[in-house]
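Okay, structure first, notes after.
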Amino acid sequence: MNYSFFIILVPVILFSLTIHEYAHALVAYRLGDDTAKRQGRLSLNPLVHLDLLGTLLLFIVHFGWAKPVPVDPRNFRNPKKDMLLVALAGPVSNILTAIAAAVILKAVFENFATIPPGSGVDVAVRMLVWFIYIGIVLAVFNMIPVPPLDGSRVLYGLLPDSLAYRYAKFETYGIFILFAFFLFGGKFLGYFIFVPVGIFIQMCNFSPSELEILVRAMNPQ
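Here the working numbering runs 843 ahead of the position in the sequence shown, where the first position is 1.
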């Protein structure tokens, strides 16, 4: 990875992880739980949210996680439903970030007939493309229903109480299941995560020439 590419990718990853965890903390706070706020996690400072392993994986394999936001369901009026909403907040924030980046990107394409490589506009385009990519990847990866990912909280909130109780017992094994996926199901996991990126790009209705620019923007060279 060259330095210019690294400089583009770092702020994108830091912002994407930060907005994801901040969304969790904000929704929890709005629903009555101030645990995250008291621990300094209701913040847009990326340093309070970063998880070393999860951040490194984002740079290496382009999917990972941040430090989980502390939540105390006892502070909610409807613990099961409210935990589901808190869990959804992170992935939804990443999808909204990707949509915003796509809208801005379309505006850039409409206002610049050519985008010279290395120009300020080219750098902005590269960052916007990576905001789309990282945003969708984070949203999809975190919706995998394996603890401690957000998808497990969503599934717990949707299951009947009897099944939810049984499902919660597997939480301690979640991290081992994830590592097993990484080790033995990497191709399947990659397909599951990265295909939605292509679907999102198609939904944006970029022209062939714009898609060519997008592909170039993803190239670290």
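Every residue, glycine too, gets a C-beta built ideally from N, C-alpha and C.
Check this for me: beta carbons of Val855 and Met926, under 8 angstroms apart or not? Along the sequence shown, read from residue 1 onward, the residue named residue 855 stands at position 12. Along the sequence shown, read from residue 1 onward, the residue named residue 926 stands at position 83. For Val855 and Met926, no; Cβs fall outside 8 angstroms.
To the nearest angstrom, report how far apart Leu874 and Ser1052 are at their CA atoms. Numbered from 1 along the sequence shown, position 31 holds the residue referred to as residue 874. Numbered from 1 along the sequence shown, position 209 holds the residue referred to as residue 1052. One C-alpha to the other measures close to 46 angstroms.
Proximity to Pro916 [Cα-Cα], best of Ala879, Gly963 and Leu896: What you label residue 916 is simply residue 73 of the sequence shown in a count that begins at 1. That would be Ala879, whose Cα lies nearest to the Cα of Pro916.
Here's a check: name, in chain order, each residue in its chain whose Cβ is nearer than 7 angstroms to the Cβ of Ala1060, leaving out the five neighbours to either side. Within the sequence shown, the letter at position 217 stands for residue 1060. Closer than 7 angstroms at the Cβ level, and outside the excluded window around Ala1060, lie Val968, Arg969 and Val972.
Hey, Pro934 and Ala982: beta-carbon distance below 8 angstroms or not? The residue labelled residue 934 in the question sits at position 91 within the sequence shown. The residue labelled residue 982 in the question sits at position 139 within the sequence shown. Yes, the pair counts as a contact, with Cβ atoms nearer than the cut-off.
Looking at Ser936: is its Cβ nearer than 8 angstroms to the Cβ of Ile987? Residue mapping note: residue 936 aligns to position 93 of the sequence shown, counting from 1. Residue mapping note: residue 987 aligns to position 144 of the sequence shown, counting from 1. It is not a contact, given that the beta carbons lie outside the stated cut-off.
What separation, rounded to the nearest whole angstrom, lies between the Cα atoms of Ile1044 and Gly978? Looking up residue 1044 in the sequence shown gives position 201. Looking up residue 978 in the sequence shown gives position 135. Spanning the two alpha carbons is a distance of roughly 12 angstroms.
Rounded distance between the beta-carbons of Ala866 and Ala932, thought under 8 angstroms: Here residue 932 refers to the residue found at position 89 of the sequence shown. Here residue 866 refers to the residue found at position 23 of the sequence shown. Contact holds; Cβ gap of about 4 angstroms.
From Leu890 to Val1040, what distance separates their C-alpha atoms? Stepping through the sequence shown from its first residue, residue 890 is reached at position 47. Stepping through the sequence shown from its first residue, residue 1040 is reached at position 197. Distance between the alpha carbons of Leu890 and Val1040 is about 27 angstroms.
Measure the alpha-carbon distance for Asn954 versus Tyr999 and round it to whole angstroms. As a working mapping, residue 954 is identified with position 111 in the sequence shown. As a working mapping, residue 999 is identified with position 156 in the sequence shown. Going by the C-alpha atoms only, they are around 46 angstroms apart.
Which first and last residues belong to the alpha helix (DSSP H) in which Asp1004 is found? Position 161 of the sequence shown holds residue 1004. Element bounds for Asp1004: Asp1004 to Ala1011.
Starting from Val972, trace the alpha helix (DSSP H) in both directions and tell me its first and last residue. By one-based count along the sequence shown, residue 972 stands at place 129. From DSSP, the alpha helix (DSSP H) with Val972 extends over Gly963 to Asn985.
How about Cys1047 and Ala945: are their beta carbons less than 8 angstroms apart? As a position in the sequence shown, residue 1047 is number 204, starting the count at 1. As a position in the sequence shown, residue 945 is number 102, starting the count at 1. Contact flag set, yes.
With C-beta atoms as the reference, is Ser940 less than 8 angstroms away from Ser859? Reading the sequence shown from its first residue, position 97 is the one you call residue 940. Reading the sequence shown from its first residue, position 16 is the one you call residue 859. Residue identity differs from the one stated: residue 940 is Thr in this sequence, not Ser. Result yes, Cβ atoms of Thr940 and Ser859 sit closer than 8 angstroms.
If you draw a straight line from the alpha carbon of Gly994 to that of Gly963, how long is it in whole angstroms? As a working note, residue 994 is residue 151 in the sequence shown. As a working note, residue 963 is residue 120 in the sequence shown. Rounded to whole angstroms, Gly994 to Gly963 spans 38 angstroms at the Cα level.
Beta-carbon within less than 6 angstroms of Pro990's beta-carbon, same chain only, minus the 5 sequence neighbours each way: which residues are those? Residue 990 sits at position 147 when you count from the first residue of the sequence shown. Around Pro990: Glu1014 and Gly1017.
Please classify Ile806: is it buried, with 16 or more other beta-carbons within 10 angstroms of its beta-carbon, or exposed? No statement about residue 806 is possible, as the shown extent of the chain runs from 844 to 1064 and does not include it.
Is the beta carbon of Asn918 closer than 8 angstroms to that of Asp876? Residue numbering aside, residue 876 sits at position 33 when the sequence shown is read from its first letter. Residue numbering aside, residue 918 sits at position 75 when the sequence shown is read from its first letter. In this structure, Asn918 lies closer than 8 angstroms to Asp876 by Cβ.
Please confirm whether Phe1022 and Leu1032 have their CB atoms less than 8 angstroms apart. Residue 1022 sits at position 179 when you count from the first residue of the sequence shown. Residue 1032 sits at position 189 when you count from the first residue of the sequence shown. Going by C-beta atoms, Phe1022 is not nearer than 8 angstroms to Leu1032.
Spatially closest choice to Ser847 from His892, Lys1012 and Asp965, by CA coordinates: Mapped onto the sequence shown, residue 847 falls at position 4. The shortest Cα separation from Ser847 among His892, Lys1012 and Asp965 belongs to Asp965.
Pro913 by DSSP, collapsed to three states: which one? Along the sequence shown, read from residue 1 onward, the residue named residue 913 stands at position 70. The answer is coil: DSSP assigns Pro913 none of H, G, I, E or B.
Kindly indicate which three-state DSSP category Arg884 falls into: helix, strand or coil? Translated into positions along the sequence shown, residue 884 becomes position 41. Correct three-state label for Arg884: coil.
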